[in-house]
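Student: Heads up: the sequence shown runs through residues 0 to 53, numbered per numbering that gives the first Met the number 0.
Below you'll find the structure I mean.
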Amino acid sequence: MTLRQRMATVAMCDAVLACSACTPSLRRRAECLRAHASGDYSRMSFGTLVIVVA
0 MTLRQRMATV AMCDAVLACS ACTPSLRRRA ECLRAHASGD YSRMSFGTLV
50 IVVA
């Protein structure tokens, strides 16, 4: 993953975490993906984050 991709992923996860409608499950997945993208593996578990914008 390039630096630009990592920065975009972290920004997207921050936006998801700031959303008041974020469910606990979505929050955990966003935190996991953010940790992975930012290189902080201490809080990482494996999962997939899928965001659908309608």
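Just so it is clear, CB atoms sit at the ideal spot from N, CA and C, and this is done for glycine as well.
Rank C18, A20, S24 and V9 by C-alpha distance to the C-alpha of C32 and give the top, closest one.
Tutor: The sequence given here places Leu at residue 32; Cys does not occur at that position. Selected option, being the one with the closest Cα: V9.
Student: Output the distance between the C-alpha atoms of S37 and R5, rounded to the nearest integer angstrom.
Tutor: If I take the Cα positions, the gap works out to 7 Å.
Student: Could you round the C-beta distance between R26 and L16 to whole angstroms and report it? I think they count as a contact, below 8 Å.
Tutor: Contact holds; Cβ gap of about 6 Å.
Student: Residues in its own chain within less than 8 Å of C21 by CB, not counting five upstream and five downstream?
Tutor: For C21, where only same-chain residues beyond five positions count, the Cβ hits under 8 Å are V15 and A29.
Student: What does the Cβ neighbour count give for R3, buried or exposed, with the cut at 16 atoms within 10 Å?
Tutor: Under this definition R3 is an exposed residue.
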